[in-house]
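Below is one structure; the comments refer to it alone.
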Amino acid sequence: VVDGALSSPSSTLKRRPIFKSQLWKPDRPIHKPWVESKSRKRDDRNVRIAFACTILLGVIAGIGLIALGYLDVPRHKYCLVLQEDFQGTEINSNVWFHEQETGGFGNNEFEWTTSSKNNSFVKDGKLYLVPTLTSDNLGEAAILDGYTLNLTQAGICTSTNTSDAYCAAASNATLGHVLPPVQSARLVTNFSTAIKYGRIEVKAKMPTGDWIWPAIWMLPRDQSRYGPWPRSGEIDIFESRGNILEKHADDTYNRMHSTLHWGLDSATDRYAKTTAERQLYRKFYNEDFHTFGLEWTPEGIFTWEGSPINKVFAWKFTESFWNLGNFPAISSQNGTAYSNPWVPLSNSAAPFDQEFYLILNVAVGGTNGYFKEETMPWSNTADINAARSQFWAAKDQWYSTWPEAPEDRGMVVESVKIWQ
Numbered sequence: 001v002v003d004g005a006l007s008s009p010s011s012t013l014k015r016r017p018i019f020k021s022q023l024w025k026p027d028r029p030i031h032k033p034w035v036e037s038k039s040r041k042r043d044d045r046n047v048r049i050a051f052a053c054t055i056l057l058g059v060i061a062g063i064g065l066i067a068l069g070y071l072d073v074p075r076h077k078y079c080l081v082l083q084e085d086f087q088g089t090e091i092n093s094n095v096w097f098h099e100q101e102t103g104g105f106g107n108n109e110f111e112w113t114t115s116s117k118n119n120s121f122v123k124d125g126k127l128y129l130v131p132t133l134t135s136d137n138l139g140e141a142a143i144l145d146g147y148t149l150n151l152t153q154a155g156i157c158t159s160t161n162t163s164d165a166y167c168a169a170a171s172n173a174t175l176g177h178v179l180p181p182v183q184s185a186r187l188v189t190n191f192s193t194a195i196k197y198g199r200i201e202v203k204a205k206m207p208t209g210d211w212i213w214p215a216i217w218m219l220p221r222d223q224s225r226y227g228p229w230p231r232s233g234e235i236d237i238f239e240s241r242g243n244i245l246e247k248h249a250d251d252t253y254n255r256m257h258s259t260l261h262w263g264l265d266s267a268t269d270r271y272a273k274t275t276a277e278r279q280l281y282r283k284f285y286n287e288d289f290h291t292f293g294l295e296w297t298p299e300g301i302f303t304w305e306g307s308p309i310n311k312v313f314a315w316k317f318t319e320s321f322w323n324l325g326n327f328p329a330i331s332s333q334n335g336t337a338y339s340n341p342w343v344p345l346s347n348s349a350a351p352f353d354q355e356f357y358l359i360l361n362v363a364v365g366g367t368n369g370y371f372k373e374e375t376m377p378w379s380n381t382a383d384i385n386a387a388r389s390q391f392w393a394a395k396d397q398w399y400s401t402w403p404e405a406p407e408d409r410g411m412v413v414e415s416v417k418i419w420q
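Residue numbers for the sequence shown follow full-length UniProt numbering, beginning at 1 and rising by one.
Rendered as structure tokens:
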């Protein structure tokens, strides 16, 4: 009220002082009494001590795990019996022998193994094992009809069984039979190097391509000691599938498989009791070189990747394989009574107590069950001729996943070392 009258809003606003802001001066102290209390300082000190102790315990635990892994690796005085670095321009025939067959090696595989330089060769200090199409060599018409392949007549079949099932094939459009649609390579050290206990290291990069099946493995030099496969055993250091990953965490293809095969016949192969796998989430087996290893003693056997600390499969020979197998009394294949081929029972290492040789090969497909995906273009219940025909008919599906470059399509081996 001014002189008994109400002042107008406009006159009031004009007299109101304008708001002024000030920047906080950096050197002006900020008073925080709650921080300066004794209890707060004590709590802060305890938190820092607890954090430091946690870090220290983590470091100690990590060192302990590494030490335990290192100490768990057996130490043996081995002698180097083979060191292959693939120098020169030729595969060393004094070390490696080409196995040449058409029968699928017991798995009804789809390849015909050759000694051709298209399928195995040395270049720039590396060994290449590369699958190719048979049609690249013989033409597509020969695959489907009218061509007879006979390795026995050519004098190059290496199978101990020289029947047509192992050493010959013929295409017949009426019967639906095709030639093995793929050529590949299989190299062995059977005639140069075999070991009974020891260590193996193979540094290699694996192939890319649907239904390609690379393997680093071992078979006994003398199959007569305990009998035909799987009685005399098989040691698979590395197996994998070449199928292209659809995602990094793929449960099927991005895996290394290590296995012992043993049993009384194919129906009683108890490999499922002695197998393990390792999955990678970066630098996959087909993207970079990895070292795959085997340690084998009278007490046990284990495989590893990268370092012996990174065990993939480990087995102690503490129980006889006869007891472990829990075999039936009668064979389902021929009705005869089973008996223990690995006597005496006290020899718990048998059949893995004899000389084994190394095998490097790249297979393709097969009906033994290693490939069992719903997307595969053949049936595992089909006979080998029908399965190969189904596979070849689907060439447009799978061949597009095979890289053109040999270093991507094939297994590339940088070095092989064997100690005994």
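For each residue, glycine too, the CB sits at the ideal point set by N, CA and C.
Rounded C-alpha distance that separates residue i from residue j
| i | j | result |
| --- | --- | --- |
| residue 94 | residue 192 | 7 Å |
| residue 103 | residue 282 | 36 Å |
| residue 141 | residue 215 | 31 Å |
| residue 377 | residue 208 | 18 Å |
| residue 232 | residue 316 | 18 Å |
| residue 410 | residue 115 | 15 Å |
| residue 99 | residue 158 | 6 Å |
| residue 218 | residue 156 | 23 Å |
| residue 89 | residue 51 | 59 Å |
| residue 322 | residue 160 | 28 Å |
| residue 243 | residue 404 | 15 Å |
| residue 312 | residue 363 | 22 Å |
| residue 357 | residue 285 | 23 Å |
| residue 429 | residue 360 | No statement about residue 429 is possible, as the shown extent of the chain runs from 1 to 420 and does not include it. |
| residue 274 | residue 324 | 10 Å |
| residue 301 | residue 237 | 10 Å |
| residue 308 | residue 150 | 44 Å |
| residue 365 | residue 318 | 36 Å |
| residue 212 | residue 391 | 12 Å |
| residue 55 | residue 49 | 10 Å |
| residue 327 | residue 339 | 9 Å |
| residue 397 | residue 350 | 44 Å |
| residue 382 | residue 395 | 18 Å |
| residue 353 | residue 343 | 12 Å |
Host alpha helix (DSSP H) of residue i (start-end)
| i | result |
| --- | --- |
| residue 325 | 321-325 |
| residue 164 | 164-167 |
| residue 140 | 140-144 |
For residue i, the first and last residue of its enclosing beta strand (DSSP E)
| i | result |
| --- | --- |
| residue 185 | From DSSP, residue 185 is part of no beta strand (DSSP E); its letter is neither H nor E. |
| residue 422 | The structure shown has nothing for residue 422, since the chain only spans 1 to 420. |
Spatial neighbours of residue i in its chain, beta-carbon cut-off 6 Å, leaving aside the 5 residues before and after
| i | result |
| --- | --- |
| residue 261 | 230, 234, 269, 271 |
| residue 112 | 102, 180, 183 |
| residue 96 | 187 |
| residue 120 | 129, 185 |
| residue 202 | 216, 292, 416 |
| residue 320 | 345, 348 |
| residue 86 | 122, 125, 126, 127 |
| residue 389 | 176, 178 |
| residue 402 | 209, 409 |
| residue 341 | 226, 227, 231 |
| residue 91 | 122 |
| residue 245 | 253, 254 |
| residue 355 | 194, 196, 221 |
| residue 400 | none |
| residue 257 | 239, 277 |
| residue 148 | 170 |
Nonlocal neighbours in the same chain, by C-beta distance under 7 Å from residue i, ignoring five residues either side
| i | result |
| --- | --- |
| residue 337 | 329, 330 |
| residue 368 | 107, 108 |
| residue 280 | 254 |
| residue 380 | 367, 369, 372 |
| residue 5 | Residue placement at residue 5 is flagged as unreliable, the pLDDT there being 47, under the threshold of 50; the coordinate-derived value follows with that caveat. Taken in chain order, the list of residues that qualify is empty. |
| residue 144 | 171, 173, 178 |
| residue 265 | 331, 333 |
| residue 198 | 78, 296, 418, 419, 420 |
| residue 304 | 293, 310, 311, 312 |
Which residues DSSP lists as bridging residue i, in chain order
| i | result |
| --- | --- |
| residue 202 | 292, 416 |
| residue 316 | 300 |
| residue 483 | This structure leaves residue 483 out entirely; the chain is present only between 1 and 420. |
| residue 177 | 172 |
| residue 80 | 419 |
| residue 194 | 357 |
| residue 55 | Partner(s): none; residue 55 has no beta bridge. |
| residue 422 | Coverage of the chain is limited to positions 1 through 420, which leaves residue 422 absent and any answer about it impossible. |
| residue 330 | 337 |
Own chain residues within Cβ distance below 8 Å of residue i, not counting five before or after
| i | result |
| --- | --- |
| residue 165 | 103 |
| residue 289 | 203, 204, 205, 412, 414 |
Worksheet entry | 3-residue-minimum beta strand (DSSP E) runs that sit fully inside the segment 333-414, ordered along the chain | 356-364
Worksheet item: In chain order, which continuous runs of the beta strand (DSSP E) of length 3 or greater are located wholly inside the segment 274-313?
Response: 275-279, 290-296, 300-305
Worksheet item: Counting only runs that start and end within the segment 82-167, where is the beta strand (DSSP E) found for 3 or more residues in a row?
Response: 111-113, 120-123, 126-129, 148-150
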